[in-house]
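Chains A and G supply the protein sequences, listed in that same order. Position one of the first sequence corresponds to residue 1 (full-length UniProt numbering), numbered consecutively onward. Position one of the second sequence corresponds to residue 1 (full-length UniProt numbering), numbered consecutively onward. Even glycine gets a Cβ: it sits at the ideal position worked out from N, Cα and C. Nothing here was measured: the structure is a model prediction, and the numbers come from that model. Read through the structure below, which is laid out as structure tokens, and then see the notes.
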Amino acid sequence: MTETVVLRARGLTKHYGQVVALDDCDFDLRADEILAVIGDNGAGKSTLIKALTGAVVPDSGTISLKGEQVHFRSALDARRVGIETVYQELGVAPALDITQNLYLGREQRRKGLLGTVFRKLDKPAMRHGSARQMADLGIRIQSIRQKVETLSGGQRQAVAVARVAAWATSVVIMDEPTAALGVRETNQVLGLIERVRENGLPVVLISHNMPNVFQVADRIHIHRLGRRIALVDPRNTTMEEAVAVMTGAKSPESLHLEGGTA
Amino acid sequence: MTNTADAALLEKEEDHGGPLRTFIGSQIAGPLAALILAIVVFGVTTSTFLNADNLSLIATQSVVVGTLALGQTLIILTAGIDLANGAIMVLAAVVIGKLATDGNALWALVVGTLVCLVMGGLNGVLISRFSLPPFIVTLGVLSVLTAAARLYTDSQSYPISSDLLTILNDGPTVGGISITYGVLLWIALTAVLGYALTQTAWGVRVYAVGDNRAAAALTGIKVRRVLLSVYLTAAVVYAFAAWQALGRTPTADPSGYSTANLDSITAVVIGGTSLFGGRGGVVGTFIGALIVTVLANGLTQAGIDSLYQQVATGILVVIAVAVDHFVRTRQTR
Numbered sequence: 001m002t003e004t005v006v007l008r009a010r011g012l013t014k015h016y017g018q019v020v021a022l023d024d025c026d027f028d029l030r031a032d033e034i035l036a037v038i039g040d041n042g043a044g045k046s047t048l049i050k051a052l053t054g055a056v057v058p059d060s061g062t063i064s065l066k067g068e069q070v071h072f073r074s075a076l077d078a079r080r081v082g083i084e085t086v087y088q089e090l091g092v093a094p095a096l097d098i099t100q101n102l103y104l105g106r107e108q109r110r111k112g113l114l115g116t117v118f119r120k121l122d123k124p125a126m127r128h129g130s131a132r133q134m135a136d137l138g139i140r141i142q143s144i145r146q147k148v149e150t151l152s153g154g155q156r157q158a159v160a161v162a163r164v165a166a167w168a169t170s171v172v173i174m175d176e177p178t179a180a181l182g183v184r185e186t187n188q189v190l191g192l193i194e195r196v197r198e199n200g201l202p203v204v205l206i207s208h209n210m211p212n213v214f215q216v217a218d219r220i221h222i223h224r225l226g227r228r229i230a231l232v233d234p235r236n237t238t239m240e241e242a243v244a245v246m247t248g249a250k251s252p253e254s255l256h257l258e259g260g261t262a
Numbered sequence: 001m002t003n004t005a006d007a008a009l010l011e012k013e014e015d016h017g018g019p020l021r022t023f024i025g026s027q028i029a030g031p032l033a034a035l036i037l038a039i040v041v042f043g044v045t046t047s048t049f050l051n052a053d054n055l056s057l058i059a060t061q062s063v064v065v066g067t068l069a070l071g072q073t074l075i076i077l078t079a080g081i082d083l084a085n086g087a088i089m090v091l092a093a094v095v096i097g098k099l100a101t102d103g104n105a106l107w108a109l110v111v112g113t114l115v116c117l118v119m120g121g122l123n124g125v126l127i128s129r130f131s132l133p134p135f136i137v138t139l140g141v142l143s144v145l146t147a148a149a150r151l152y153t154d155s156q157s158y159p160i161s162s163d164l165l166t167i168l169n170d171g172p173t174v175g176g177i178s179i180t181y182g183v184l185l186w187i188a189l190t191a192v193l194g195y196a197l198t199q200t201a202w203g204v205r206v207y208a209v210g211d212n213r214a215a216a217a218l219t220g221i222k223v224r225r226v227l228l229s230v231y232l233t234a235a236v237v238y239a240f241a242a243w244q245a246l247g248r249t250p251t252a253d254p255s256g257y258s259t260a261n262l263d264s265i266t267a268v269v270i271g272g273t274s275l276f277g278g279r280g281g282v283v284g285t286f287i288g289a290l291i292v293t294v295l296a297n298g299l300t301q302a303g304i305d306s307l308y309q310q311v312a313t314g315i316l317v318v319i320a321v322a323v324d325h326f327v328r329t330r331q332t333r
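Laid out in structure tokens, this is it:
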């Protein structure tokens with residue numbers, strides 16, 4: 001495993017009135033890993049993720065991508081530098097087909113007059129592109145002309161992941177991607193997350209589901225009271241230890257800490 | 001491995017059952033079947049229905065509401081509704097009529113189009129920028145504009161004498177059937193909007209905004225801009241409808257077309273477009289508008305009280321909504 005850090009944050013702070021959502025929080029994501037972010041409700045996980053995806057502007061602290069400092073003022077800023085997010089739901093338009101969903105907001109037009117004057121979409125090229133993307137991620141579907149509503153929940157989430165993986169150039173963030181899924185479908189999506197990493201994109205996985213986290217994560221960022229309280233390797237930490245630290249029942253010093261500590 | 005899977009998927013994609021299966025699965029199959037059935041039934045049961053004159057009458061009678069319904073379709077696809085489209089059209093028509101009586105007809109048409117754009121833009125801004133519910137916004141605008149048209153004209157009608165303003169009721173005769181320019185314009189508008197909806201990125205985004213607004217926004221689509229563009233495009237279509245209306249009955253009457261808004265919604269729904277947004281299209285609406293006229297005309301030809309036409313239309317609306325409900329719930333278990 002290389003030590004290249006793709007996405008790094010130092011000293012992120014965010015207040016909402018009296019409430020401290022981020023308190024001098026650090027964050028590190030390596031180039032070829034799945035980094036799980038776990039934390040109790042209200043620990044400030046989602047504010048951290050929003051800061052990393054541009055949805056929230058931190059009061060202070062720095063974020064750098066591939067060594068260069070970035071200042072996101074909107075989700076669009078983060079997307080422009082290749083950070084894409086998969087959400088628990090809301091990710092797809094059910095009445096549109098798979099291709100339309102994969103290319104939504106980034107449609108390709110025909111070359112020449114048909115494209116410039118008549119704004120005609122290049123449907124064959126987009127169908128080709130989505131067939132390739134689905135195949136690259138090993139997502140099995142009958143046809144990319146299928147409407148997304150005809151797919152199972154797991155397949156729909158797979159389409160959302162495929163979409164994000166297709167456009168992300170630096171980081172994929174997944175916010176509870178399996179929360180709405182059954183066991184078998186969850187496993188499909190977890191396999192997909194691993195394939196995204198194998199295809200060269202680092203993944204940040206926010207999840208409440210400890211077995212899922214321990215199944216796929218390379219490192220685990222434990223978030224508590226607005227900051228990273230520990231960064232651990234799931235191979236030398238047990239689920240019980242991680243949960244104990246996450247809930248404050250145990251101090252982080254008792255763990256084998258991995259890399260930078262809080 | 002990857003390449004074979006890729007190739008297999010693409011191959012399957014090419015072999016998708018061909019155009020016939022695609023057509024049967026499409027949303028216009030049901031409305032088209034209903035239209036053909038109605039034409040066959042009336043053709044067999046009455047001797048006059050299939051006359052050339054009667055057929056061209058049906059097309060001509062469908063034009064005004066049919067054109068309004070095209071604009072309505074765009075709005076309903078975004079999960080909106082426009083109760084004010086008839087009132088916008090009537091206001092534009094009386095403005096055109098009044099200006100043309102002592103001025104240039106072309107200039108009057110331009111001003112009428114601007115009236116539509118301003119009113120459609122008002123709806124669009126209130127709905128997109130301030131996120132107000134389309135039903136209430138357009139209900140309010142309907143009320144204001146209905147009064148405005150009467151105030152503007154002192155509740156008088158203006159006779160239309162300009163050739164330019166009535167030209168849409170003229171047209172060539174092909175094979176014994178006279179086809180008005182108005183019908184041709186209606187077909188052309190359907191084709192242009194159908195192209196825009198199915199072949200351009202704008203169209204995909206209109207469907208996406210109606211289907212799942214939150215998801216559309218998350219992909220970076222500027223939802224408000226799409227909504228505003230839809231209301232403005234519909235406004236231009238309503239301006240054409242005003243021109244059509246002046247050709248149909250050469251009087252600009254401020255109290256005319258008072259049920260055109262509901263009639264246009266009827267045509268959209270019978271044409272298979274979902275009131276929940278994201279499903280349907282203008283070709284279905286075109287067929288839906290024809291179905292309504294065919295029922296009215298055919299029942300009259302058959303000597304049946306025209307009140308039964310309303311019964312038949314009402315039943316069709318309920319069937320269409322039930323089909324839509326079935327389609328949507330079957331998919332989302």
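Mark A/Y16 as exposed unless 16 or more other C-beta atoms lie within 10 angstroms of its C-beta, in which case mark it buried.
It counts as exposed.
Going by beta carbon distance, what residues of the same chain come within less than 8 angstroms of G/D15, once the five residues before and after it are set aside?
Bear in mind that the predicted position of G/D15 carries a pLDDT of just 49, short of 50, making it too unreliable to give a figure here.
What are the uninterrupted segments assigned as beta strand (DSSP E) that are 3 or more residues long and contained completely in the stretch 161 to 236 of chain A, given in chain order?
Counting whole runs of 3 or more residues, the stretch 161 to 236 of chain A contains the beta strand (DSSP E) stretches 171 to 175, 203 to 206, 219 to 224, 227 to 232.
List, in order along the chain, the chain A residues whose C-beta lies closer than 8 angstroms to that of G/N169?
Simply none; closest approach about 31 angstroms.
In three-state terms, what does DSSP make of G/G140?
Helix at G/G140.
Quick check on A/P252: does DSSP put it in helix, strand or coil?
Correct three-state label for A/P252: helix.
When DSSP builds the beta bridges, which residues end up paired with A/C25?
Per DSSP, A/L12.
Between A/P94 and chain G, is any beta-carbon pair separated by less than 8 angstroms?
Answer yes: the Cβ-Cβ gap between A/P94 and chain G drops below 8 angstroms somewhere.
Below 7 angstroms CB to CB, which residues in the same chain sit around A/A95 once its five sequence neighbours on both sides are set aside?
Around A/A95: K147, E149.
Would you mind telling me which residues of chain A sit closer than 8 angstroms to G/G271, beta carbon to beta carbon, in chain order?
None at all; the shortest Cβ gap to chain A is about 16 angstroms.
Using only the alpha-carbon positions, how far apart do G/L74 and G/P254 sit?
If I take the Cα positions, the gap works out to 26 angstroms.
DSSP on A/L113, reduced to helix/strand/coil?
The answer is helix: DSSP assigns A/L113 an H, G or I state.
Could you pull out every residue in the same chain whose Cβ sits closer than 6 angstroms to the Cβ of G/N297, ignoring the five residues on either side in sequence?
Same-chain partners within the cutoff: I58.
Would you say A/L104 faces chain G, with C-beta separation under 8 angstroms as the test?
A/L104 counts as touching chain G.
Give every residue of the same chain whose Cβ lies closer than 7 angstroms to the Cβ of G/V323, excluding the five residues on either side of it in the sequence, and list them in chain order.
Taken in chain order, the residues that qualify are G30.
Report the rounded CA-to-CA distance for G/Q156 versus G/R150, giving the unit in angstroms.
Going from the Cα of G/Q156 to the Cα of G/R150 covers about 7 angstroms.
Per DSSP, A/L65 is paired with what?
Per DSSP, A/L7, A/E68.
Count the other CB atoms within 10 Å of the CB of A/E253; is the residue buried (16 or more) or exposed (fewer)?
Exposed, by the Cβ-count rule.
Only counting the same chain, and skipping five residues up and downstream in sequence, which positions put a Cβ closer than 7 angstroms to that of A/S152?
Hits under 7 angstroms: E185.
According to DSSP, simplified to helix, strand and coil, what is G/A245?
Of the three classes helix, strand and coil, the one that applies to G/A245 here is helix, per DSSP.
The beta strand (DSSP E) spanning A/G39 covers which residue range?
Unbroken beta strand (DSSP E) run through A/G39: 34 to 39.
Could you tell me the alpha carbon to alpha carbon distance between G/A191 and G/G278, rounded to whole angstroms?
Each residue's Cα considered, the two are about 19 angstroms apart.
At a CB-CB cut-off below 7 angstroms, which residues of chain A make contact with G/D211?
Near G/D211 (Cβ distances below 7 angstroms), the residues of chain A are A93, P94, A95, L96.
How would you list, in chain order, the residues of chain G whose beta-carbon sits under 9 angstroms from the beta-carbon of A/K120?
Per Cβ cutoff of 9 angstroms: Y195, Q199, T200.
Which of helix, strand or coil does DSSP assign to A/L121?
Strand, per DSSP.
Span of the alpha helix (DSSP H) holding A/E149?
A/E149 -> no alpha helix (DSSP H), and no H or E assigned at all.
For a cutoff of 8 angstroms on Cβ pairs, would you count A/L76 as touching chain G?
It does: the Cβ of A/L76 has a partner Cβ on chain G nearer than 8 angstroms.
Taking A/Q100 as the query, report the chain G residues whose CB atoms sit under 9 angstroms from its CB, ordered along the chain.
Ordered by position in chain G, the residues that pass the 9 angstroms Cβ test against A/Q100 are V204, Y207, A208.
Does G/L74 come within less than 8 angstroms of chain A when only Cβ atoms are used?
Judged by the 8 angstroms Cβ criterion, G/L74 is not in contact with chain A.
Is G/A92 near G/V115, with beta carbons less than 8 angstroms apart?
Yes, the Cβ-Cβ distance between G/A92 and G/V115 is below 8 angstroms.
Within a Cβ cutoff of 7 angstroms, which residues of the same chain sit near G/T293, ignoring the five residues on either side of it in sequence?
The residues are I58, Q61, S62.
For A/R79, go through chain G and note every residue whose CB falls closer than 8 angstroms to its CB, in chain order.
Residues of chain G passing the Cβ test: G220.
At a CB-CB cut-off below 9 angstroms, which residues of chain A make contact with G/A191?
Within 9 angstroms Cβ-Cβ: nothing; G/A191 doesn't reach chain A, min ~13 angstroms.
For G/I177, does the three-state DSSP call read helix, strand or coil?
Of the three classes helix, strand and coil, the one that applies to G/I177 here is strand, per DSSP.
By DSSP, does G/A52 sit in helix, in strand, or in coil?
G/A52 falls in the helix class under three-state DSSP.
Identify the continuous alpha helix (DSSP H) that holds G/V118 and give its terminal residues.
Residues 105 to 128.
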